[in-house]
Structure formats: C-alpha cells, structure tokens
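Scroll down for the structure; my scribbles are underneath it.
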Amino acid sequence: MTTNGYDIIEKKSKRSEKTRKIITYIGLVFWAFIVLFPFYWMILTSVKTYSSYNSEYIPKFFTLSPTIQNYIDAFTAVPLSRYFLNTLFFAIVTTAAMLIVIILSAFAFARLEFKGRNLLFSFFLSLMMIPNELVIITNFVTITNLGLRNTFTGLILPSITSVFYIYLLKENFEQIPEELYKAAKVDGTSDFKYLMKVMIPICQPTIVTITILKVIECWNSYVWPRLITDNEAYFLVSNGIQAIRENGFGRENIPAMMAAVVVISVPLVILFLIFHKKIMAGVSRGGTKG
Amino acid sequence: MRKLRPWLYLLPAIAFLGVFMVYPLIDVMIYSVEEGYNSASQTYFGVGLYNFRYVLRDPYFIQALKNTFILVIITVPLSTGIGLLIAVALNSIQKLKDLFQTIFFLPYVTNTLAVGLVFMILFKKTAYSDGLINVLIQAFGGNGVDFIDGPYWAKMFVLCFYTVWVVLPFKILILTSALASVNPDYYKAAKIDGTSRWRTFYKITLPMISPMIFYLIITGFIGAFKAYSDAVALFGTDLNAAGMNTIVGYVYDMLYGNGGGYPSYASAAALILFAIVMTITCINLLLSRQNDA
Amino acid sequence: MKVILEHLTKRYPNHTKGGADVIAVNDFNFEIPDGKLIGLLGPSGCGKSTTLNLISGLETPTEGKIWFGEDDVTHLPPEHRGVGLVFQSYALYPHMTVRQNIMFPLQNLKGKDKLSKEEMNAKVEEAAKLVQIDALMERKPGQMSGGQQQRVAIARALVKRPRILLLDEPLSNLDARLRLQTREEIRRIQMETGITTVFVTHDQEEAMSISDEIVVMEKGILQQIGAPQNVYDEPYNLFVAKFLGTPAINVFEGEVKNGRLWIGDENVLDVSGVEDQPVSVGIRPEGFELSENGPFHTNLVQVEVMGRDTSVVSTHPCCVSGSIRSIIAAENTVIPVDGKVGFALKPSKVHIFSKKDTLRIPYPEQQRKGL
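Protein sequence lines correspond, in order, to chains A, B and C.
Residue numbering for the first sequence follows numbering that gives the first Met the number 0, beginning at 0 and increasing consecutively.
Residue numbering for the second sequence follows numbering that gives the first Met the number 0, beginning at 0 and increasing consecutively.
Residue numbering for the third sequence follows numbering that gives the first Met the number 0, beginning at 0 and increasing consecutively.
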C-alpha cells in the first residue's frame, strides 16, 4: 500500500472518532437534562408566587421575583415540620434498631459455631425471596389487633430486620481473618468484646453503607406508613406529601406544594452529594430499589 | 450456657423474622382460603377457592392485571436497553464521567412520591395552563392531551416514562460497573484484529456482561410487577377511579382504604401476584441457563 | 518486515496541578531487522509495554515516527498495520471455543480481503497445527491449561499472517516448567514462520535465552541493544550490568590508582590505561576463582552446595549490593582462614564503571584475556 492510501485511512478514522465522541456527549447531556429537569422545575415552581404561577398559561423557565412565601406556607398551612420530624425519628430509630439486630445475627453466623448454623442461614436466605406484599397483609392485621395503629412502635416494628443486610454483613465479617479471632480468644477476649472492638471497627465501611441505604429506604417508605397511620400526627413525609396533594393547600396551590416537595427532597439529595461514592458502591453490591 | 450463647445473638432476628415474615406467610395462605371472612367479627363461613374466583372476576383486578402487564412489558426491555446504551456511552468517555454518573444516579435517592408530583404538574392540564409538556407538544404542532386525567394511553405513557426514569439509575450503575470490569485486553485484541465497533459490542461485550443483564431483567420484572407508588404519585390514591390501578395497588385497596376490609381477597390477589412473579422468574432463569450452555 | 523506530517519544500529561508530564518512552531510536526475534527487556514501568503499544498502534506517539519497511505507519490505526498481539492475560474470549477464538480475526476482514468459509477453516487449521493445539479445537478457554491457552492466543495472533508479531509478557502467567517449554515453543514458531517478532519481558533470562537481539530499557530510555551474549559481556553501563545475569552482578566501591584497581586496601587487578578515579566495580558471580593467595579477600558467611556448582556467600565492607555471591566449580572445597576466603578475579568478568555517568570503562587487560 502506498503512503497516500494510509493517509486516507488515517484521516477517516480520526474523523469518525470525533463524530462518535460528539454524539456520545450529546446523548449523555440529553439524559442528564431529563434527569435534572424535574429538580429544576420543582425548585423554580416553588419560588414562583401563587398568582404568577397561575397566570402563566405558558410556564416560564425562570422567574425574576423569587419568593419564599411558599416555604412559609408549607410549614404553616400544613404540619410539614411534623411530617419531617416524624420521618427523622422513624428513620433513626428503625435504622439503629436494625443495626443492632443484624450485627448480632451476622456475627453469630460468621464466627460462632453451633448446630444447624448452615441450615438456619439457608432458611434466612430463602426468606429473601418473599415479597413484602405477601406478608404485609397479616402484619397489618397483627399491628391492628395489637392496637398499635397510629403509633411509632407499629410503624417501626416490621422494618427492624433485613435478611439482605444480615447476608451482606456476614460476608463482610467472614473476610476478617480467623486468626484475629483466635488471637483474641488466646488473650481471653470475650465474644462480645471481640465483636465490639475488632469486627465492627474493621467492617465500619460496610456498616456505614448499610446505614445510609436504610435511612434512604426509611425516608422514602410509603406503603406501610400509609396502611398503619391515618392520623396526621404520625404521617411520614411520603404520606404527608400525598395528603397535601389531596387536600393540603387547596388543590391548585402548586407552588406551595412544590415547596413542600423541595423541603422533603433536600435532605436525601444532600446525603447523596456527601456520600455518593459510598452509596453507589453499596447499591452496586446488590441493593435494589426500595 | 455456652451452647445457648449463639442463639442469644440470633434471638432478635429470629423473633422479628418469625413474627413479621414466617407467620404472615403461613397466615396469608390461610386467609386466602377462608371464605366470607369478616374482619370485624373475625369469623368465616368455610374453606375454599372462592376468594380466588372472586378476585379473578373482579373487573378492577382485571384492569390492574392488564395495567401491570403493559407496564412490565414496556418498561423492562426499555429501561434495560436505555440503561445499556447510557452505560456504554459512559464507559467510552473519560472527561466528566464521574459527574454524569452522579447525576444519572440522583433519581435513585429521591422520594418517589415527591418527584412524582413534579411529573404530574409537568404533564397535567389544568384550567390555568396546559402544562409544560402540552405546551411543547403544541409548539411542535401537535394536539395537547391531558396525560393525568385524559385517555388511557396517555396515562400509561406517563406511568411508563416515570417508571423508566425511576428505575434507570440502578440499571445504569450495575451495567456501568459490569462494563468496566471487562478486561481491557479483550478490546485491545479486538482492535488489533480490526473488529468493528458494533461487532466488538455484539460478539465480545454483550456475552461478557450477559449474566448482569439477566440479573437486571429478573430484578426488573420483579420490581415492575410490584409497581404501585409511582402510580399513586402520578394519579393519586384512588387508582381504581383513574383506571390506573396495579396488582399491588389492588391488594392494598382490598386491605384498607375506601373499598378495604377484605384481607381474604387481598391475600388471594397477593398470592396470584406471587405466582405470576415466580413463574416469570423461573422462565427467565431457564432461558439464561439455556443461553449459557 | 523491518521495523524502524525514529526519535519515538510518548508523553502522558500529568493531571495533578504543577506535575511534570510522565515520559513513558523517551527519544527511542532503533531498527528491528527483518525476521528476527527481539526481546524488549526492562524492569516494570520502564516503558517497554508502551513501546509495544506504539508499535501495535494501540497508542500513538507524541513525537517521532514508526516505519514498517518503507511504510510510515506512525498514525495508522492498528487494524491496518498487520500486527498480531499476544497479551499477558491471553485475552481469549471465554464464551467462544478455540476454533471460534482463532477464527475471530479472519471474520473481521471486509471487502476484497474477505475469505470464504473454507479458506477461513483452512487458515484456522493451519495456525492451530503450527502451535499444536489442533486436537482441542472445540474446547473453551476455561477448560484448558495456561500453556494451552497461551498457544491458542499465539495461533489467534498468527492466523492473519501478521507482518509483525508482538508478545506482551507472554510467559509470566505460567509456572516455571511450562515457561521453559513455552519459550522454546515460541522460538520454534518464530523460526518456522520467519515473522519479525517483538517480545516484552521483565525476565532477563527469558529474553536472553530466545532473542536474536535484546533491547534493554529503563525509565523510558533505551540503554543498550545487542546480541544477548554481547550485552552480557560488555554492558554499556552499570544499570545494564546489574539487570542482566542471575545471580546478579556484585557491585563494589573501588578506585583506580596508577593503573591498578583497588577495592578497600587490596590491589585486585591490572587496569593499566585507565585514568585514576573512583569507580564502581562489578564482578560477575562466575568471575571469582578460589585462590588462597589471591589478591581479593572476603568474609565468608556460608557455602551453598547446588550440585552442579557451589555458591559462596560472603561479605566485604566495600560491597554495595548486599552480600557477595560467587559461583565456583563443585569440586572446590572452601577452606576459610580466619573466616576469610581468598579469590583471584577473571578480568573478563570484572567491569569498572565511571562514578560520573555510570558508563563502563573498558581496559586493555579485559579485552585480551576475555577472548
């Protein structure tokens, strides 16, 4: 082949490389736009005044006179701060209780010897297949019969265990060399002390990831709280937002509604921005939505 | 005492799982065959399959079944395909990759109900405004339609669109890491051999990440069959009235809410859903086995 | 096909603020003669893999040119260069059989190069026979040993009859016995096909045993090119001397005074003709001869009997390369006097290096006795 022939090939491949790059970036920017636009729109709408929003037949993409009135409304006209605190309380207590339960059982499965350990663990794993929808019916009846509707106890109890997180943590615990356990035994360290002083600190990254994922799950939970609470005093943000939608500010006060939406979305977005590496790593290790 | 200690560590987990997982699982089957159960008096007439027959004849359930199937059939392939496309694009760039990845993951951490409201106002027609989407459609010469209170296909479109928006982050994340874990030597070898991009993708990349794709399809099916809160976010709690109920929505409505108080019907419906999901999962697994062989 | 690298330079921009660019390959010039097997040798991170990638076209140089014969291929994409590349990880497609793996490059051919099914099959069979895996055609890579996978990888690289065959650390994933076998195999295949071959490795023994010529690199800079024995006998500088040979060369601080080489307070060798200066002295393990009255004494640590020969481990205050290893014939018995053992030195195995630029300083005595 002549040098000339090579030149043409060379130019061609360079040009198509460039076109491909441009198309790729255009596609990615397009999807980023679709992802981000609802967030932009909710913030934008939340700072438009009620009258200006309703007078815009063709919605404007910006506003020159932002107002915080909607945020004031969101906290005064409906008990948004109450929903907010309820959810915070619910998330913290549920996550803390769950951590205790799963750490104890993951430790037992990972390090303690007892009869039927593998059998019991397989049984636990098989429970992962059971959809929440199947057991929620009886749980609803159980909680109702116990008189725990409209209480935090009733909200929290069924979400305290997660087989998946037990599994995740057990795998992580097992990666700690057995020698450490033996060394601790030789030194006369009790099982519990070993768990607290050695295993938990070593597996801290996983525990932090589980914590974050559970908090997100609690923050977004909707179905169970909806079944178990009908008293506003116990609403979580999801139920609160639904209540606001149905009769909160009067149906058409969209800007105030969006202000409420912004308020309940912000904590998670902040959490995400701080921990995005951890969250994404945790989810890719096997989390699923919800 | 020594022998008991492990069980002490396990006691909380066993107790909670027993009360809130194992017992309900048995109980739901009992409920489903108790005919004419009265939740006030907690009595029933007899045992049989009447509950299943009732549910399967209930037009609301049929509607929910139809909605769910349409949703599944559209969103699972679509979201997996788009997810793959985006993951491939993400993997082919260096600059801004982390930024894009973070942005694309954002919907995962948002409250489904809250963001659903934003989608609602974008798509809804009101007395004051046709909504942004309709304005756009009209600007391109189309006829506006109320996506929230209008014709069935329009409502289904929004539901599918929102569902894809919500489930994509997970798929993009999983596929991006699957793609990144393919040994780059394979691509170098293909490049030396002059393999075209499409052929490299089809013959090398796809087979290498196919286990992950199957995993996503299975979890996608399971997730989509359980769709509920997306629909509530868009159309409100009275999904039957909107004609947009899902199977899970039907279960909850039977249990509680306006038409509630029928745990037997709810149980029967939930078991039907479980059977459908199990069947589809098994078919998927069989297909993936065949594919491996 | 002759390959010429001309002022080849590859720079990677450093993204950390204020950091200097990383120069992986620095102003490289050399010529690979047609039909030869060249060993590209150096410690990890020396730029040898980058050089290979530049030749294959997976990367393009920042400066300089690459010629395949009369063709300037500097900016040509890899598929138009006609190169075959074998990876350290083999990069065999796990979901394809051996046959499909080998056939894969042929199926990419388009236009006038397109082959019929029969032609493809014939070529695949031929390549498989050449590397002697024609009995395993329907297996998948996962069902084969490392050595067999290596053969498949070579067959896949050869099936298109490349102008140049490139091997990137092809033996490092094999166990010691297989490595020996496979490198002979590579040599045989290269001889049979006559394809110009470049072989990257960090293992000097591997490179020396099969290459027609070796190219020693460090930090992106070419240190020396030559036939293996020549490079070993006449290292260009201290780095090359230290890098080639196992056990490694023993290095001492020494001084040249009035035509004599001094290590510590012992006058060990005649180096007349060399100017007075402090020097680094490199003595190959085989450069020692047991001699009670020899000019050089070290403190004996232990004697390791290896069967074929004996390795004497000792120390010396001027030694800068850890303990001294000397290899002597097995018949000899080491009898230390006061813990010291005496040696005579073979001038052909003793190199002196300038302290200034680490270059080797030849001296007449070495030339005469060495040949």
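C-beta atoms are modelled at their ideal positions from N, C-alpha and C, and glycine is treated no differently.
**Message:** Which of the three DSSP states is assigned to serine 12 of chain A in this structure?
**Reply:** Translated into positions along the first sequence, residue 12 of chain A becomes position 13. Serine 12 of chain A: helix per DSSP, three-state reduction.
**Asked** Among B:Leu70, B:Phe122, B:Leu10, which has the Cα closest to the Cα of valine 166 of chain B?
**Response** In the second sequence, residue 166 of chain B corresponds to position 167, counting from 1. Taking only the C-alpha atoms, the option nearest valine 166 of chain B is B:Leu70.
**Prompt:** Are the beta-carbon atoms of glycine 26 of chain A and alanine 88 of chain B separated by less than 7 Å?
**Reply:** Within the first sequence, residue 26 of chain A is the residue found at index 27, counting from 1. Within the second sequence, residue 88 of chain B is the residue found at index 89, counting from 1. For glycine 26 of chain A and alanine 88 of chain B, yes; Cβs fall inside 7 Å.
**serine 290 of chain C beta carbon less than 7 Å from that of alanine 343 of chain C** = The residue labelled residue 343 of chain C in the question sits at position 344 within the third sequence. The residue labelled residue 290 of chain C in the question sits at position 291 within the third sequence. It is a contact, given that the beta carbons lie within the stated cut-off.
**Asked** For glutamate 285 of chain C, which of C:Val302, C:Pro294, C:Thr245, C:Leu268 has the nearest alpha-carbon?
**Response** Within the third sequence, numbered from 1, the residue matching residue 285 of chain C stands at position 286. Considering only alpha carbons, the answer is C:Thr245.
**Prompt:** For leucine 57 of chain C and chain A, any beta-carbon pair shorter than 7 Å?
**Reply:** As a working note, residue 57 of chain C is residue 58 in the third sequence. Not closer than 7 Å to any Cβ of chain A, the Cβ of leucine 57 of chain C fails to qualify, so no.
**Asked** So which of A:Lys17, A:Ala242, A:Lys59, A:Arg284 has the shortest CA-CA distance to leucine 135 of chain B?
**Response** The residue you call residue 135 of chain B lines up with position 136 of the second sequence. Ranked by Cα distance from leucine 135 of chain B, the first of A:Lys17, A:Ala242, A:Lys59, A:Arg284 is A:Lys59.
**Message:** Distance cutoff 7 Å, beta carbons only. Does leucine 75 of chain C sit that close to anything in chain A?
**Reply:** Sequence index remark: in the third sequence, residue 75 of chain C carries index 76 (1-based). So yes, leucine 75 of chain C belongs to the interface.
**Asked** Using a C-beta cutoff of 7 Å, does isoleucine 7 of chain A count as contacting chain B?
**Response** Locating residue 7 of chain A in the first sequence gives position 8, counting from the first residue. Judged by the 7 Å Cβ criterion, isoleucine 7 of chain A is not in contact with chain B.
**Request:** Reducing DSSP to helix, strand and coil, say where proline 361 of chain C ends up.
**Result:** To locate residue 361 of chain C, count along the third sequence from 1; it is residue 362. Three-state DSSP puts proline 361 of chain C in coil, outside helix and strand.
**Prompt:** If glycine 143 of chain B and lysine 124 of chain B are in contact, beta carbons under 8 Å, what's the gap, nearest whole angstrom?
**Reply:** Position 144 of the second sequence holds residue 143 of chain B. Position 125 of the second sequence holds residue 124 of chain B. A Cβ-Cβ distance of about 7 Å is found for the pair glycine 143 of chain B and lysine 124 of chain B, placing them in contact under the 8 Å criterion.
**Request:** At 7 Å on the CB atoms, spell out the chain C contacts of serine 12 of chain A, in chain order.
**Result:** The residue given as residue 12 of chain A occupies position 13 in the first sequence. Near serine 12 of chain A (Cβ distances below 7 Å), the residues of chain C are Pro76.
**Prompt:** For leucine 35 of chain A, does the three-state DSSP call read helix, strand or coil?
**Reply:** For the purposes of this step, residue 35 of chain A is taken as residue 36 along the first sequence, with counting starting at 1. The answer is helix: DSSP assigns leucine 35 of chain A an H, G or I state.
**Asked** Under a CB-based cut-off of 7 Å, is phenylalanine 104 of chain B close to chain A?
**Response** By 1-based counting over the second sequence, the position of residue 104 of chain B is 105. Output row for phenylalanine 104 of chain B: interface = yes.
**Item:** Beta-carbon proximity check, lysine 225 of chain B vs glycine 82 of chain B, cutoff 7 Å
**Value:** Position 226 of the second sequence, counted from the start, is the residue given in the question as residue 225 of chain B. Position 83 of the second sequence, counted from the start, is the residue given in the question as residue 82 of chain B. Result no, Cβ atoms of lysine 225 of chain B and glycine 82 of chain B do not sit closer than 7 Å.
**Asked** Which ranges would you report for the alpha helix (DSSP H) in the segment 225 to 254 of chain C if only whole runs of at least 4 residues count?
**Response** Here the runs fully enclosed are 227 to 232, 237 to 242.
**Any C-beta of chain C under 7 Å from that of tyrosine 261 of chain B** = Along the second sequence, read from residue 1 onward, the residue named residue 261 of chain B stands at position 262. The beta-carbon of tyrosine 261 of chain B is placed no less than 7 Å from the nearest beta-carbon of chain C.
**Prompt:** By how many angstroms is the C-alpha of glutamate 132 of chain A removed from the C-alpha of valine 21 of chain C?
**Reply:** Sequence index remark: in the third sequence, residue 21 of chain C carries index 22 (1-based). Sequence index remark: in the first sequence, residue 132 of chain A carries index 133 (1-based). If I take the Cα positions, the gap works out to 58 Å.
**Request:** Alpha carbon to alpha carbon, how far is leucine 270 of chain A from alanine 230 of chain B? Give it in angstroms, no decimals.
**Result:** The count along the second sequence starts at 1 and reaches residue 230 of chain B at position 231. The count along the first sequence starts at 1 and reaches residue 270 of chain A at position 271. Just so you know, the alpha carbons of alanine 230 of chain B and leucine 270 of chain A end up roughly 26 Å apart.
**Message:** Could you check whether the segment 230 to 241 of chain B touches the segment 5 to 20 of chain B, counting it as contact only if at least three pairs of C-beta atoms, one from each stretch, sit closer than 8 Å?
**Reply:** Here the segment 230 to 241 of chain B makes no contact with the segment 5 to 20 of chain B; the two share fewer than three CB pairs at distances below 8 Å.
**Request:** Please specify which runs of the alpha helix (DSSP H), each continuous and at least 4 residues long, are wholly inside the segment 101 to 127 of chain C, giving them in chain order.
**Result:** Runs found: none.
**Request:** Would you kindly check if the distance between the Cβ of leucine 7 of chain C and the Cβ of aspartate 211 of chain C is under 7 Å?
**Result:** Working through the third sequence from its first residue, we reach residue 211 of chain C at position 212. Working through the third sequence from its first residue, we reach residue 7 of chain C at position 8. No; because the gap between Cβ atoms is not below 7 Å, this pair is not in contact.
**Message:** Counting only beta-carbon separations shorter than 7 Å, does alanine 90 of chain C have a partner in chain B?
**Reply:** Here residue 90 of chain C refers to the residue found at position 91 of the third sequence. Judged by the 7 Å Cβ criterion, alanine 90 of chain C is in contact with chain B.
**Request:** Return the bridge partner residues of histidine 296 of chain C from the DSSP annotation.
**Result:** Counted from its first residue, the third sequence places residue 296 of chain C at position 297. DSSP output for histidine 296 of chain C lists C:Gly341 as bridge partner(s).
**Asked** For proline 140 of chain C, does the three-state DSSP call read helix, strand or coil?
**Response** Here residue 140 of chain C corresponds to residue number 141 of the third sequence, with the count starting at 1. In the structure shown, proline 140 of chain C sits in a helix (DSSP, three-state: H, G or I).
**Three-state secondary structure assigned by DSSP to methionine 97 of chain A** = As a first step, residue 97 of chain A must be located in the first sequence, where it is residue number 98. Reduced to three states, the DSSP call for methionine 97 of chain A is helix.
**Asked** What is the rounded straight-line gap between the Cα of isoleucine 279 of chain B and the Cα of phenylalanine 213 of chain B?
**Response** Looking up residue 279 of chain B in the second sequence gives position 280. Looking up residue 213 of chain B in the second sequence gives position 214. Phenylalanine 213 of chain B has its alpha-carbon roughly 13 Å from the corresponding atom of isoleucine 279 of chain B.
**Asked** Is it buried or exposed for threonine 1 of chain A, if we count other Cβ within 10 angstroms and need 16 for buried?
**Response** Sequence index remark: in the first sequence, residue 1 of chain A carries index 2 (1-based). The predicted model places threonine 1 of chain A with a pLDDT of 46, which falls under 50 and marks its position as unreliable, so this point remains unresolved.
**Request:** Mind listing the chain B neighbours of glutamine 68 of chain A? Cutoff is C-beta to C-beta under 8 Å, in chain order.
**Result:** Looking up residue 68 of chain A in the first sequence gives position 69. Residues of chain B whose Cβ lies closer than 8 Å to the Cβ of glutamine 68 of chain A do not exist; the shortest such Cβ separation is about 18 Å.
**Prompt:** Roughly how many angstroms lie between the CA atoms of lysine 202 of chain B and alanine 188 of chain B, to the nearest whole one?
**Reply:** For this step, residue 202 of chain B is matched to residue 203 along the second sequence. For this step, residue 188 of chain B is matched to residue 189 along the second sequence. Each residue's CA atom was taken as its position, placing lysine 202 of chain B and alanine 188 of chain B some 13 Å apart.
**Prompt:** Per DSSP, methionine 216 of chain C is paired with what?
**Reply:** Here residue 216 of chain C corresponds to residue number 217 of the third sequence, with the count starting at 1. Under DSSP, methionine 216 of chain C takes part in a beta bridge, and its partners are C:Leu221.
**Message:** Here's the rule I'm using: 16 or more other beta-carbon atoms within 10 Å means buried, otherwise exposed. How should phenylalanine 29 of chain A be labelled?
**Reply:** On the first sequence, residue 29 of chain A is found 30 positions in, with the first residue counted as 1. Counting Cβ neighbours within 10 Å, phenylalanine 29 of chain A comes out exposed, since fewer than 16 surround it.
**Prompt:** In angstroms, rounded to a whole number, what distance separates the CA positions of lysine 159 of chain C and serine 121 of chain A?
**Reply:** Counting from 1 along the third sequence, the entry for residue 159 of chain C is found at position 160. Counting from 1 along the first sequence, the entry for residue 121 of chain A is found at position 122. Lysine 159 of chain C and serine 121 of chain A have their C-alpha atoms some 52 Å from each other.
**Request:** Identify the contact partners of asparagine 107 of chain C in chain B, using a Cβ-Cβ distance below 9 Å as the criterion.
**Result:** The residue given as residue 107 of chain C occupies position 108 in the third sequence. Simply Ala189, Asp192, Gly193, Thr194, Ser195, Arg198.
**Request:** Tell me where the alpha helix (DSSP H) around valine 75 of chain B begins and ends.
**Result:** As a working note, residue 75 of chain B is residue 76 in the second sequence. Taken as a continuous stretch (DSSP letters only), the alpha helix (DSSP H) holding valine 75 of chain B covers 58 to 90.
**Request:** Verify whether the separation of the beta carbon atoms of valine 82 of chain C and proline 169 of chain C is less than 7 Å.
**Result:** On the third sequence, position 83 is the one that residue 82 of chain C refers to. On the third sequence, position 170 is the one that residue 169 of chain C refers to. It is not a contact, given that the beta carbons lie outside the stated cut-off.
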